[in-house]
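Worksheet: one structure, shown below.
2 protein chains.
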Amino acid sequence: MEKVVATMKQGEQTRDRILKSANKLFYRRGFHQTAFSDIVSETGLSKGNITYHFKSKDTILAAVFEQRIAQTKATLAAWDRQYPDAASRLNCFIDSLLEGKSTLTRYGCPNATLAGELGKQDEVNRELSQRIFDTIWNWLTTQFVHLGLSAEKAKDSALELFTSAQGLCVLAHVYNDESLFTRESTRLKKLIQI
Amino acid sequence: MEKVVATMKQGEQTRDRILKSANKLFYRRGFHQTAFSDIVSETGLSKGNITYHFKSKDTILAAVFEQRIAQTKATLAAWDRQYPDAASRLNCFIDSLLEGKSTLTRYGCPNATLAGELGKQDEVNRELSQRIFDTIWNWLTTQFVHLGLSAEKAKDSALELFTSAQGLCVLAHVYNDESLFTRESTRLKKLIQI
DNA sequence: GTCTATATTATGATAGAC
DNA sequence: GTCTATCATAATATAGAC
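And the structure:
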């Protein structure tokens with residue numbers, strides 16, 4: 000989970016601030032459309048200071064990926080702690096789409112759009128995206144197993160739910176229409192009725 | 000449809016050649032990752048000549064969009080002419096995914112990835128992507144109506160099929176695993192059984 | 001650790017010869 | 001209509017003062 004700011008040293012805080020801003024910008028503008036100067040504006044730090052903490056833009060990207068992977072795992076672990084039953088946990092997944100629908104519509108899925116931009120040529124970045132997707136797919140599969148499905152069937156159900164969610168993000172983004180999320184939520188909820 | 004090269008004037012042929020190369024590059028590398036010099040290499044033309052036909056990179060992009068919209072309409076119209084029944088036409092849609100699975104896995108859906116890259120800030124480009132998506136969604140809806148569904152239900156079924164296809168493209172791309180297409184094709188085929 | 005200033009490249013766009 | 005050559009700019013990366 001996220002460190003409490005008060006317990007961080009100054010350099011650590013700065014590093015964290017850079018990462019937060021970069022993550023936001025890479026999501027909202029895209030990686031290549033985010034210039035170094037954008038990160039300067041967003042953080043309020045100097046270019047030199049940012050370079051002190053990350054020697055290149057690619058280094059920032061790698062750190063952003065690591066942060067996203069950790070964040071994804073943390074979120075899923077929190078749901079696991081909060082809800083003892085798989086049905087409620089799967090509900091969390093769908094509800095998180097509905098709660099984030101406004102942003103997801105405006106900018107698409109953060110992981111899919113970044114993967115789409117970076118995965119075309121760079122194999123390394125594609126694999127980092129894959130790690131995030133794998134974390135989610137495995138977690139979904141585990142929940143369906145808890146609902147009583149076989150390993151095989153659970154993975155299929157997880158795939159169906161995951162692809163539906165991703166497809167929904169794509170269409171909502173292209174149409175700039177967040178009502179697609181509520182419109183399809185009924186069907187999504189049906190997928191978790193076992 | 001595409002003009003026959005023999006009937007084109009020289010300038011028209013050049014213009015067409017630029018468009019074809021740019022479309023390919025924008026798909027495989029992304030718009031911002033495609034430099035002017037890449038189009039020069041791909042076409043074998045000089046930079047000056049390309050500029051003569053399109054005054055800027057954005058002008059090329061706009062023309063690529065128009066070409067894609069026309070191409071999408073042409074493909075769907077061809078299926079309409081070739082197959083009298085809606086079931087066969089919907090089969091064409093699914094089969095086209097399977098036939099293109101290798102490229103779709105490598106680079107994602109050409110329209111979704113371009114929309115993901117360009118739709119984040121530029122409203123105009125998002126709307127051009129939307130026109131392509133709308134062409135497809137409307138066509139799918141029409142087919143489901145022909146199968147006997149009400150206008151409302153047909154649009155829902157079309158949405159489910161379309162989102163599934165898009166989600167599939169996202170996951171296959173991230174996982175670099177084209178077998179996901181064959182794996183999910185059974186479920187997709189079920190969606191067109193009315 | 002943080003800043004300002006500079007170097008280096010590469011990109012999109014233009015000018016002008018043929 | 002097509003080419004070569006050049007310009008202006010914007011972006012990443014680096015150097016060095018405080």
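Protein chains in written order, with numbering that gives the first Met the number 0: chain A, 0 to 193; chain B, 0 to 193. Virtual Cβ for every residue (Gly too), placed ideally from N, Cα, C.
Unbroken alpha helix (DSSP H) run spanning residue 81(B), endpoints: 56-81
Compute the Euclidean distance between the alpha carbons of residue 140(A) and residue 182(A), then round it to the nearest angstrom. 24 Å
Expressed to the nearest angstrom, what Euclidean distance is found between the alpha-carbon atoms of residue 0(B) and residue 145(B)? A caution first: residue 0(B) carries a pLDDT of 48, below 50, which makes its placement in the model too unreliable to give a value.
Extent of the continuous alpha helix (DSSP H) run through residue 91(A): 85-98
Flag residue 149(B) as yes when its Cβ comes closer than 7 Å to any non-hydrogen atom of the ligand FMN, and as no otherwise. Absence of the ligand FMN is noted for the structure shown, with no ligands found whatsoever.
Whole runs of the beta strand (DSSP E) within the region 162-188 of chain B, excluding any shorter than 3 residues: none
If you count every other CB in all the chains shown that lies within 10 Å of the CB of residue 58(A), and 16 or more means buried, which is it? Classification for residue 58(A): exposed.
DSSP-derived helix/strand/coil call for residue 36(B): helix
Counting only beta-carbon atoms, is residue 0(A) nearer than 8 Å to chain B? Note that residue 0(A) scores 48 on pLDDT, short of 50, meaning its location in the model is unreliable; the coordinates nonetheless yield the value given after this. No - not a single Cβ of chain B is within 8 Å of the one on residue 0(A).
Output the distance between the C-alpha atoms of residue 86(A) and residue 92(A), rounded to the nearest integer angstrom. Here the C-alpha atom of residue 86(A) lies approximately 10 Å from the C-alpha atom of residue 92(A).
Short check: CB of residue 127(B) to CB of residue 30(B), under 8 Å? no
Helix, strand or coil, according to DSSP, for residue 44(B) in the structure here? coil
Do residue 109(B) and residue 26(B) have their C-beta atoms closer together than 8 Å? One thing to note: residue 109(B) has its Cβ within 8 Å of the Cβ of residue 26(B).
By alpha-carbon positions, which one of 187(A), 64(A), 142(A), 105(A) ends up nearest to residue 129(A)? 64(A)
Where does residue 31(A) sit, in a helix, a strand or coil, going by DSSP? coil
Give me, in chain order, the residues of the same chain whose beta-carbon lies closer than 7 Å to that of residue 88(B); leave out the 5 immediate sequence neighbours on both sides. 78, 79, 82, 142
When you compare the CB of residue 99(B) with every CB in chain A, is at least one pair closer than 8 Å? no
Start and end residues, alpha helix (DSSP H) containing residue 192(B): No alpha helix (DSSP H) holds residue 192(B); DSSP gives it neither H nor E.
Can you look up residue 12(A) in the DSSP assignment and give me helix, strand or coil? helix
Alpha helix (DSSP H) containing residue 120(A): first to last residue? Element bounds for residue 120(A): n/a, residue is neither H nor E.
Residues in the region 13-30 of chain A with C-beta within 7 Å of chain B's C-beta atoms, listed in sequence order? 27, 28, 29
Measuring only the C-alpha atoms, how far is residue 118(B) from residue 107(B)? 16 Å
For residue 164(A), return the contacting residues in chain B, with the cut-off set at a CB-CB distance below 8 Å. Correct list: 166.
Determine the DSSP secondary structure at residue 148(B), reduced to helix, strand or coil. coil
Should the region 37-50 of chain A be called in touch with the region 61-75 of chain A, which here means at least 3 C-beta pairs below 8 Å? no
Is the Cβ of residue 112(B) closer than 8 Å to any Cβ of chain A? yes
Going along the chain, which residues of its own chain have a beta-carbon closer than 7 Å to the beta-carbon of residue 46(A), five neighbours each way excluded? 35, 39
If I'm right that residue 132(B) touches residue 123(A) with Cβ under 8 Å, what's the distance once you round it to whole angstroms? The Cβ separation is near 31 Å, so there is no contact.
So with Cβ pairs under 8 Å, would you call residue 125(B) a contact of chain A? Yes, residue 125(B) lies at the interface with chain A (some Cβ there is under 8 Å from its Cβ).
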